[in-house]
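Novice: Before we start, here is the structure in question, set down as structure tokens.
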Amino acid sequence: MRLAALLVAVALAAGACDSPETATTSTPTGATSSSLGPVISDRLVAELQLEELAGRVESLRELEFLQPVTVSIVDDDDFRARAIALASPPVDLDGDVAAGWLRLLGVLPPETTVYAATGRLLQTGAALYDRTSNAVLVRAGAGLDAYVEAAVVHEMVHALHHQHFGTPRLPAVGEPAYVYRALSEGDARRITDQFIDQLDPAARNSFEEGALTADEDATAIRASTPAYVLDLLTLPVSYGARFLTSNQQADSHLAAFADGVPVSSEELIVTGADTERLDPELRPVTVLPYEPFPVVDTLGAGTLQLLFRQVLLEGLAGTAVVGWGGDAVDIRVDGSEVILAYAFRGETAADAEEVAAAFRLLLDTRLTDGAYAAVRVDGDTTLVLAASDPSVAPRLDDLFGNFGDEVFVVELGG
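Throughout, the working numbering is defined as the position within the sequence shown, counted from one, plus 195.
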């Protein structure tokens with residue numbers, strides 16, 4: 196740790212001060228000085244104090260760091276720039292392309308991406324973990340109080356994850372991405388909550404005051420953030436924290452991503468969920484001149500719930516999760532054009548009808564102007580089709596026209 200190096204520097208400086216030839220040094224503003232040590236900036240002292248939180252994190256998480264984690268307090272502009280960079284999509288994925296199907300369904304406004312909206316929210320935070328430098332960055336403007344300490348604890352848990360389990364390469368959409376976010380952020384949340392619970396009354400008051408200030412500072416940005424993004428960043432975290440607290444298997448679940456064995460979102464959301472999967476058949480849209488979007492072959496119960504929360508009350512949105520038996524998705528893109536084919540298989544025919552009704556409401560109220568959409572039901576399976584270019588509707592009808600009954604359609608040009 197840098198503390199050891201600092202102590203060596205203090206000892207060397209103390210020896211130098213014993214020499215009569217040592218020149219007197221002035222103390223710059225924002226620094227501390229003593230006759231037995233060198234000039235030490237307030238920022239360095241604060242960084243060292245925050246780094247000592249690593250011991251608390253190891254104790255609470257019952258896992259040791261493989262290497263020290265540096266804490267760096269950075270100016271607000273530098274922090275914002277790094278937040279944007281960390282929230283950027285992978286180099287081989289266009290953020291606009293990744294947002295296309297959500298814009299088509301109307302849960303993201305035009306010109307908005309999940310990555311950009313997430314980056315704006317991260318800028319308002321007190322700390323973030325930078326995997327490339329193995330450092331926790333603290334925004335200077337956030338100050339130094341118990342709230343900031345809790346934020347550092349949260350990010351240090353992510354540092355533990357990175358050191359022990361690595362960072363899996365996940366698709367932008369689908370079950371693995373949802374579940375990893377839930378488990379990773381949920382684990383950090385539960386450890387941070389334990390840290391907060393152990394604060395003494397004075398520190399707890401400091402935390403609450405800092406949290407109130409942070410909440411006020413972020414109000415404007417949150418108000419302009421799409422509800423879908425806010426739900427995406429918060430709802431899975433709550434489920435993940437609850438799941439890990441009740442199962443006490445954080446290590447095995449996070450490490451499972453290295454072996455390609457993620458837990459399903461249904462198991463996170465519904466206690467005692469049936470793990471049997473009733474995979475629906477969904478014919479790939481191979482005859483269309485669009486490229487496959489890099490997504491696993493299932494959206495999952497969690498993402499379905501996020502979509503329905505945009506138009507339904509929470510209890511009704513949860514119906515899809517309870518009745519989810521399996522699903523399949525095929526997303527195709529060609530520039531700004533998007534095709535979505537989604538098949539939901541319920542545990543009963545009633546589940547399929549409820550999901551069809553939810554999609555009808557979503558498409559009827561949110562679908563992008565000029566786009567095509569249809570909902571079909573066949574027994575326990577619901578099929579949803581949507582296309583930003585309505586001219587592809589005849590091709591979709593050729594592929595899926597014999598599937599059950601059409602219960603909803605947006606006519607061409609409608």
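Yeah, the Cβ is synthetic: ideal placement off N, Cα and C, and Gly gets one too.
Would residue 444 be called buried (16 or more neighbouring beta carbons within 10 Å of its own) or exposed?
Specialist: Here residue 444 refers to the residue found at position 249 when the sequence shown is read from its first residue. With fewer than 16 other Cβ atoms within 10 Å, it is exposed.
Novice: Can you tell me the Cα-Cα spacing of residue 450 and residue 601, whole angstroms?
Specialist: Counting from 1 along the sequence shown, the entry for residue 450 is found at position 255. Counting from 1 along the sequence shown, the entry for residue 601 is found at position 406. For residue 450 and residue 601, the distance between alpha carbons rounds to 43 Å.
Novice: For the beta strand (DSSP E) containing residue 605, name the first residue and the last one.
Specialist: Here residue 605 refers to the residue found at position 410 of the sequence shown. Residues 600-605.
Novice: Would you kindly work out how many angstroms separate the C-alpha atoms of residue 332 and residue 584, rounded to a whole number?
Specialist: Position 137 of the sequence shown holds residue 332. Position 389 of the sequence shown holds residue 584. Straight-line Cα distance between these residues: approximately 44 Å.
Novice: Identify every run of the alpha helix (DSSP H) within the stretch 520-586, keeping only runs that are complete inside it and at least 4 residues long; order them along the chain.
Specialist: Listed in chain order, the complete alpha helix (DSSP H) runs (minimum 4 residues) inside the stretch 520-586 are 544-561.
Novice: Along the chain, where does the beta strand (DSSP E) that runs through residue 265 open and close?
Specialist: Counted from its first residue, the sequence shown places residue 265 at position 70. It spans 265-269 - the beta strand (DSSP E) in which residue 265 sits, taken as one unbroken run.
Novice: Go ahead and label residue 534 buried or exposed: buried means 16 or more other beta carbons lie within 10 angstroms of its beta carbon, across all protein chains shown.
Specialist: In the sequence shown, counting from the first residue as 1, residue 534 sits at position 339. Counting Cβ neighbours within 10 Å, residue 534 comes out buried, since at least 16 surround it.
Novice: So what does residue 323 bridge to, in DSSP terms?
Specialist: As a first step, residue 323 must be located in the sequence shown, where it is residue number 128. In the DSSP output, where bridge partners are listed per residue, residue 323 has 332.
Novice: Label residue 522 either buried or exposed according to how many other C-beta atoms from any shown protein chain fall within 10 Å of its C-beta, with 16 as the threshold for buried.
Specialist: The sequence position of residue 522 within the sequence shown is 327, counting from 1. With 16 or more other Cβ atoms within 10 Å, it is buried.
Novice: For the putative contact between residue 605 and residue 577, defined by C-beta atoms under 8 Å, what is the C-beta separation to the nearest angstrom?
Specialist: In the sequence shown, counting from the first residue as 1, residue 605 sits at position 410. In the sequence shown, counting from the first residue as 1, residue 577 sits at position 382. Residue 605 to residue 577, Cβ: 16 Å. No contact.
Novice: Pop quiz: residue 529 and residue 486 are said to be a contact at Cβ under 8 Å. What is the actual Cβ separation, rounded to whole angstroms?
Specialist: Start at 1 with the first residue of the sequence shown, and residue 529 comes out as number 334. Start at 1 with the first residue of the sequence shown, and residue 486 comes out as number 291. Going by Cβ atoms, the distance from residue 529 to residue 486 rounds to 7 Å, so yes, they are a contact pair.
Novice: Residue 259 to residue 504, Cα distance in whole Å?
Specialist: Mapped onto the sequence shown, residue 259 falls at position 64. Mapped onto the sequence shown, residue 504 falls at position 309. Distance between the alpha carbons of residue 259 and residue 504 is about 39 Å.
Novice: Out of 501, 483 and 537, which one is the CA nearest neighbour of residue 491?
Specialist: As a working note, residue 491 is residue 296 in the sequence shown. Measuring from the Cα of residue 491, the nearest candidate turns out to be 537.
Novice: Does the pairing of the stretch 305-314 with the stretch 340-360 give three or more beta-carbon distances under 8 Å?
Specialist: Touching, no.
Novice: When the Cα of residue 516 is compared with those of 524, 572 and 465, which residue comes out closest?
Specialist: Taking the first residue of the sequence shown as 1, we reach residue 516 at position 321. Ranking 524, 572 and 465 by Cα distance to residue 516 puts 465 first.
Novice: Taking only runs of the alpha helix (DSSP H) that begin and end inside the stretch 427-507, which ones reach a length of at least 4 residues, in chain order?
Specialist: With a minimum length of 4 residues, the continuous alpha helix (DSSP H) runs that stay inside the stretch 427-507 are 445-450, 460-464 and 495-503.
Novice: How many whole angstroms separate the CB atoms of residue 287 and residue 336, which I take to be in contact at a CB cut-off of 8 Å?
Specialist: Taking the first residue of the sequence shown as position 1, residue 287 is located at position 92. Taking the first residue of the sequence shown as position 1, residue 336 is located at position 141. With a Cβ gap of about 34 Å, residue 287 and residue 336 do not count as contacting.
Novice: In chain order, which beta strand (DSSP E) runs of at least 3 residues are fully inside the stretch 245-316?
Specialist: The stretch 245-316 contains these whole beta strand (DSSP E) runs: 265-269.
Novice: Is it the case that the Cβ atoms of residue 574 and residue 553 are separated by a distance below 8 Å?
Specialist: Here residue 574 corresponds to residue number 379 of the sequence shown, with the count starting at 1. Here residue 553 corresponds to residue number 358 of the sequence shown, with the count starting at 1. The answer is no: Cβ separation not under 8 Å.
Novice: Can you give me the start and stop residues for the alpha helix (DSSP H) that residue 410 sits inside?
Specialist: The residue labelled residue 410 in the question sits at position 215 within the sequence shown. Counting along the chain, the alpha helix (DSSP H) containing residue 410 begins and ends at 396-418.
Novice: Output the distance between the C-alpha atoms of residue 403 and residue 525, rounded to the nearest integer angstrom.
Specialist: As a working mapping, residue 403 is identified with position 208 in the sequence shown. As a working mapping, residue 525 is identified with position 330 in the sequence shown. Near 46 Å, if we compare the C-alpha coordinates of residue 525 and residue 403.
Novice: Excluding five sequence neighbours on each side, which residues of the same chain lie with their C-beta closer than 8 Å to the C-beta of residue 562?
Specialist: Locating residue 562 in the sequence shown gives position 367, counting from the first residue. Here the set comprises 299, 300, 301, 568, 581 and 605.
Novice: Taking the straight line between their C-alpha atoms, what separation do you get for residue 411 and residue 247?
Specialist: Within the sequence shown, residue 411 is the residue found at index 216, counting from 1. Within the sequence shown, residue 247 is the residue found at index 52, counting from 1. Distance between the alpha carbons of residue 411 and residue 247 is about 29 Å.
Novice: For the alpha helix (DSSP H) holding residue 517, just list the boundary residues, first then last.
Specialist: Translated into the one-based positions of the sequence shown, residue 517 becomes position 322. Residue 517 -> alpha helix (DSSP H) spans 514-517.
Novice: Figure out for me which residue from 498, 509 and 589 has the closest Cα to the Cα of residue 377.
Specialist: Locating residue 377 in the sequence shown gives position 182, where the first residue counts as 1. When each option's Cα is compared against that of residue 377, the closest is 498.
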